[in-house]
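Participant: To get this note's numbering, take the position in the sequence shown, counting from 1, and add 8. Just so you know, even glycine gets a beta-carbon here, dropped at the ideal spot from N, CA and C. Take this structure first; my questions come after.
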Amino acid sequence: MTSAPDPVDLELAVITGTLQSAIEAEDVVQILVTTAALDRMARSLGPQQAAAAEHARDVVSHALSALEAAVEKGRNEPRQTRIMRAAYQGSAGNGG
């Protein structure tokens, strides 16, 4: 007979999966929302769930790094678009 999974571990797995999907989709809003939920969960865990709390904090740290990368990419995209547009217009203006 197998025992039921710990509800905390199950919730952590679900939130981590949602967060991973948001990171892969580069969905900044979902990353923020899910990271906040995970952070609240980690803070609410008691000492008997120290391992789960530590894992949750590690996932939050990873999510914050991914969020920073997504924001930086968002900052760079408009600049790259302007550079490409200028290059295209310069090429089109030169008969090219």
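Suppose you measure from the CA of residue 78 to the CA of residue 62; what does that come to, to the nearest Å?
Facilitator: Numbered from its first residue, the sequence shown carries residue 78 at position 70. Numbered from its first residue, the sequence shown carries residue 62 at position 54. If I take the Cα positions, the gap works out to 24 Å.
Participant: Based on Cα-Cα distance, which residue from 17, 11, 13 lies nearest to residue 60?
Facilitator: For the purposes of this step, residue 60 is taken as the residue at position 52 of the sequence shown. It is 17.
Participant: List the endpoints of the continuous alpha helix (DSSP H) containing residue 52.
Facilitator: Here residue 52 refers to the residue found at position 44 of the sequence shown. From DSSP, the alpha helix (DSSP H) with residue 52 extends over 36 to 52.
Participant: What are the boundary residues of the alpha helix (DSSP H) that residue 15 is part of?
Facilitator: Translated into the one-based positions of the sequence shown, residue 15 becomes position 7. Per DSSP, residue 15 belongs to the alpha helix (DSSP H) from 15 to 33.
Participant: Helix, strand or coil for residue 104? Go by DSSP, reduced to three states.
Facilitator: Taking the first residue of the sequence shown as 1, we reach residue 104 at position 96. Only weak support is given to the placement of residue 104: the predicted model assigns it a pLDDT of 49, under 50, and the question is left unresolved by the model.
Participant: Is the distance from the Cβ of residue 23 to the Cβ of residue 75 below 7 Å?
Facilitator: The residue given as residue 23 occupies position 15 in the sequence shown. The residue given as residue 75 occupies position 67 in the sequence shown. No, the pair does not count as a contact, with Cβ atoms beyond the cut-off.
Participant: How about residue 63: is its C-beta nearer than 7 Å to some C-beta of chain C?
Facilitator: Structure shown: chain C not included; a single protein chain is present.
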